[in-house]
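Take 264 as the starting number for the sequence shown in our numbering and just add one per residue.
A virtual CB, placed ideally from N, CA and C, is assigned to each residue, including glycine.
These notes concern the structure reproduced below.
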Amino acid sequence: MGVEAHYKSANEEILVAVRIEDIEAVANIDDILAVEGIDAAFIGPYDITASMGITGDFEHPDFIAARNEILASCQRNGVTPGINVVQPDAKQVIDRISDGFHLLAYCLDITMVLTTCIDGLNEIRTALPKK
Numbered sequence: 264m265g266v267e268a269h270y271k272s273a274n275e276e277i278l279v280a281v282r283i284e285d286i287e288a289v290a291n292i293d294d295i296l297a298v299e300g301i302d303a304a305f306i307g308p309y310d311i312t313a314s315m316g317i318t319g320d321f322e323h324p325d326f327i328a329a330r331n332e333i334l335a336s337c338q339r340n341g342v343t344p345g346i347n348v349v350q351p352d353a354k355q356v357i358d359r360i361s362d363g364f365h366l367l368a369y370c371l372d373i374t375m376v377l378t379t380c381i382d383g384l385n386e387i388r389t390a391l392p393k394k
């Protein structure tokens, strides 16, 4: 494939995704997702909950309502819905897929590293003799 054909092909295959990270964006979600050319909308749960004053409370009814509104708007606008599943929790991934999300990031890198380190250190502490 020549350079010109490559650029033409690459431009036709570009995915345009928006990040929804503030409750104000949720309030305007239909207008945002109605913009021509948007292929996907990806929810940033920490950022949205922080903007709502409930940082990290992903089970809070207000966050769940916001998440559901974004999902519904994606469906209305023909936009692929996505979300970060913050904790390394397979059940959460399965639940979000069941909800209708198609793009999922499985936990945050720092969360995975911290969880692995903390679990490992706890196992080491338990295995070592007490002094």
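With DSSP run on the structure shown, which of helix, strand or coil describes Arg306? Reading off the sequence shown, one finds Ile at residue 306, where the question assumed Arg. Of the three classes helix, strand and coil, the one that applies to Ile306 here is strand, per DSSP.
In angstroms, rounded to a whole number, what distance separates the CA positions of Ala297 and Arg339? Rounded to the nearest angstrom, the two C-alpha atoms are 9 Å apart.
Does DSSP put Ile333 in a helix, in a strand, or in coil? Here Ile333 sits in helix by DSSP.
As a quick exercise: from Asn274, Ile283, Gly300, pick the residue whose alpha carbon is nearest that of Glu332. For Glu332, the nearest C-alpha among the options comes from Ile283.
Same chain, Cβ closer than 8 Å to Thr312, neighbours up to 5 away in sequence not counted: Result list for Thr312: Thr318, Gly319, Asp320, Phe321, His323, Phe326, in chain order.
Could you tell me which residues DSSP pairs with Arg282 in its beta bridges? Arg282 pairs with Phe305.
Does the distance from the CB of Phe305 to the CB of Ala280 come in under 8 Å? With contacts defined as CB atoms closer than 8 Å, Phe305 and Ala280 qualify as a contacting pair.
Give the single residue among Met315, Lys354, Gly300 whose Cα lies nearest to the Cα of Ala288. Comparing Cα positions, the closest option is Met315.
With a cut-off of 8 Å on the beta carbons, I'd call Val356 and Leu367 a contact; round off their distance for me. Between Val356 and Leu367 the beta-carbon gap is near 6 Å, inside 8 Å, which marks them as a contact.
Near Leu334, what residues of its chain come up, given a Cβ to Cβ distance below 8 Å and the 5 sequence neighbours on each side ignored? Closer than 8 Å at Cβ, skipping near neighbours: Pro344, Asp362, Gly363, Phe364.
Quick one: Cα of Lys271 to Cα of Ile295, how far? Taking the straight line joining both Cα atoms gives about 27 Å.
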